[in-house]
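In the numbering used here, the protein residues as written are 14 to 145. The beta-carbon is built from N, C-alpha and C at its ideal position, and this holds for glycine as well. Structure record follows, encoded as structure tokens.
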Amino acid sequence: SLAQELLARKITPVLIGTRAESEAIDSIAARVPEAVNLCGKTSLAMLAALSRDAAVAVGNDTGPMHLVAAANCPSVVLFSHASNPEYSAPMGEKVKALRARDLRDLPVDRVLVAVNNYLASPVKKPSQMMAS
């Protein structure tokens with residue numbers, strides 16, 4: 014739903030992850046064929062380069078999201094009960110942590126509010142979006 018909403022706003026979702034996330038990423042790509050599917054195709058250096066040009070990144074609490082945030086990309090990081098953002102959230106002024114006991118219970122509208130806070134910024138115009 015998030016990828017569809019972003020595409021409706023003229024933001025091309027870029028999907029990244031490892032083989033472990035391929036089922037979820039393939040599901041998103043099937044619903045939003047305009048998304049760029051880079052699952053299993055990005056190195057850490059490539060991820061950093063993509064992050065520098067992204068309007069915003071949305072992803073769960075993973076190492077790649079720390080790299081994305083370190084590249085100064087506006088980041089919305091999703092946390093479940095499995096980790097605590099007070100202890101493990103990526104650092105930076107452009108990082109927003111959202112938490113729900115189960116990420117399936119985190120409303121897309123709540124994520125979009127956080128995303129919109131970055132897209133409204135005059136610093137960057139939305140050109141693409143990354144999800145991990």
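Exposure of V90, with buried meaning 16 or more beta-carbon neighbours within 10 Å: buried
message: DSSP has T31 in a bridge; who is on the other side?
response: For T31, which the question treats as bridged, DSSP gives no partner whatsoever.
field: Beta-carbon contacts of K109 that lie in its chain and below 6 Å, excluding the five residues immediately before and after
entry: V89, A127
- request: Look up G53 in the DSSP assignment and say whether it is helix, strand or coil.
  value: coil
query: If you check the beta carbons only, do V49 and T75 fall under 8 Å apart?
result: no
query: Under the DSSP definition of a beta bridge, which residues are partnered with N73?
result: L91
message: Does the beta-carbon of E106, which I'm using as the reference point, lie nearer than 7 Å to any heavy atom of the ligand FMN?
response: You won't find the ligand FMN in this model; it holds no ligand whatsoever.
Alpha-carbon spacing of L63 relative to I29, whole angstroms: 10 Å
task: Specify, as a first and last residue, the run of the alpha helix (DSSP H) that V210 falls within.
output: With the chain covering 14 to 145 only, the question about residue 210 has no answer from this structure.
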